[in-house]
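In our numbering, the protein residues as written are 68 to 392. Note that the Cβ used here is the ideal one computed from N, Cα and C, for glycine as well.
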C-alpha cells in the first residue's frame, strides 16, 4: 500500500478537483485540512507516508524533517518554485521531488493586489464591518485617478499592474535592482530610483520574490519616506516588508496598507496586524482560485501516476542513485 498525504488543504477541496481514484486500489490518500504546527508535529504525523503533496510553501521540508520521514519517496509541490524544500537532502534520502504547472497566478495575484489597493483607498474593511453592525459611513476615501502607482518589480506579475493603473488614469513608476528605462517604458512605466519611488508614489505594490537580497527590502526608512496617507500593498511575501515598521506606521495613521502575505502563515490569531487600523487583510489568497487549484491537483495526481510508472515528470530533484545511474 502506498500512503499519500495531501497537506494543507485548508478549504477541503482537493478530493473534488482531481481523480485520486485513478492512482489505484493500492494507493491510500489522506487529506490534511489543518496546518501542521511544528516540525515535531509534522515528523510524527507524516512518518508513515510514502508521498507528500505540498500546497506551495505552506509546509517547509528542511533536511532535518526529511531525515525523520523514513518512508518518504516522492514529494509533489504545487507551482513552479519550491524555496522551502532542501533538494540536496531529498536526493540524498532517495526522494524524488516534482512540481505542477504554475496555475493562474499571473492573473490572480495582480487582480487581488488591485482588490486590496481599492479596499484600502476607500476604507472598505471598516465600512463593511460598520454596515454589518448597523452603522453608516464614517471614513473619507481617496480616488486613484490622477495619482501615481509605484511598482516594486516589473516582471511577470508587476507588469500586469501597469495597464490596469493606466485604465484608472494613474501614472506608473517602477523600480527593481535590474530594471532598465527601456524595459520600464515598454510596459508604460517610468524607471526611477528606489528612494524616488517611495517619495513620489501615492500607492506602492510589491511584485518581487523573496530572496536574501529582498528580505526587509521595505524597511523603516522606506516606510517613513512614503507620503502621508499613501498605500502599501504586498501580495508577494511577508518578510519583504519590515513588519514592526509597518505596524508602527499603521498605528500612527501615517500610511494605509493592503496585505495578503505575512512573516508567519497562517497569521496567529492574536497577531497585532489583525487589530491594526488603516489595513485591508486577506489570508494569502493571491494564488487561490478555482482554475489554479484544479490545475494543481490534477497535475499532482498526474505526477504521482508518472512516478508509479517509473517515469517521473516535472522533476525538481532526483534520488542520488538515479542521478549516478
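Selection from 352, 366, 330 and 289 that minimises the alpha carbon distance to residue 262: By one-based count along the chain shown, residue 262 stands at place 195. Among 352, 366, 330 and 289, the Cα nearest to that of residue 262 is on 289.
Buried versus exposed, by CB contacts within 10 Å (16 or more), residue 247: What you label residue 247 is simply residue 180 of the chain shown in a count that begins at 1. Exposed, because fewer than 16 other Cβ atoms sit within 10 Å of the Cβ of residue 247.
Cβ-based burial, residue 329 [other Cβ within 10 Å; buried from 16]: Working through the chain shown from its first residue, we reach residue 329 at position 262. Counting Cβ neighbours within 10 Å, residue 329 comes out buried, since at least 16 surround it.
Proximity of residue 282 and residue 307 at Cβ, strictly below 8 Å: On the chain shown, position 215 is the one that residue 282 refers to. On the chain shown, position 240 is the one that residue 307 refers to. Yes; because the gap between Cβ atoms is below 8 Å, this pair is in contact.
Residue range of the beta strand (DSSP E) that includes residue 259: One-based indexing of the chain shown puts residue 259 at position 192. Residue 259 -> no beta strand (DSSP E), and no H or E assigned at all.
For residue 140 and residue 327, the rounded distance between their alpha carbons: If you number the chain shown from 1, residue 327 lands on position 260. If you number the chain shown from 1, residue 140 lands on position 73. Going from the Cα of residue 327 to the Cα of residue 140 covers about 33 Å.
Among 222, 203 and 232, the one whose alpha carbon lies nearest that of residue 215: Position 148 of the chain shown, counting from 1, holds the residue named residue 215. It is 232.
Counted within 10 angstroms of its Cβ, other Cβ atoms place residue 101 as buried (16 or more) or exposed: For the purposes of this step, residue 101 is taken as the residue at position 34 of the chain shown. It counts as exposed.
Counted within 10 angstroms of its Cβ, other Cβ atoms place residue 68 as buried (16 or more) or exposed: In the chain shown, residue 68 corresponds to position 1, counting from 1. Exposed, because fewer than 16 other Cβ atoms sit within 10 Å of the Cβ of residue 68.
Secondary structure of residue 281, DSSP reduced to three states: For this step, residue 281 is matched to residue 214 along the chain shown. Of the three classes helix, strand and coil, the one that applies to residue 281 here is coil, per DSSP.
Nearest-angstrom Cα separation, counted from residue 352 out to residue 79: Looking up residue 79 in the chain shown gives position 12. Looking up residue 352 in the chain shown gives position 285. Each residue's alpha carbon lies about 15 Å from the other.
DSSP-derived helix/strand/coil call for residue 351: Walking along the chain shown from the start, residue 351 turns up at place 284. DSSP places residue 351 in coil when its eight states are reduced to three.
Stretch-stretch touch, CB-based, cutoff 8 Å, three pairs: the segment 247-260 with the segment 283-302: no
Residue 215 - containing beta strand (DSSP E), residue span: Residue numbering aside, residue 215 sits at position 148 when the chain shown is read from its first letter. Residues 215-219.
Between the CA atoms of residue 332 and residue 105 - distance to the nearest angstrom: For the purposes of this step, residue 105 is identified with residue 38 of the chain shown, where counting begins at 1. For the purposes of this step, residue 332 is identified with residue 265 of the chain shown, where counting begins at 1. Rounded to whole angstroms, residue 105 to residue 332 spans 12 Å at the Cα level.
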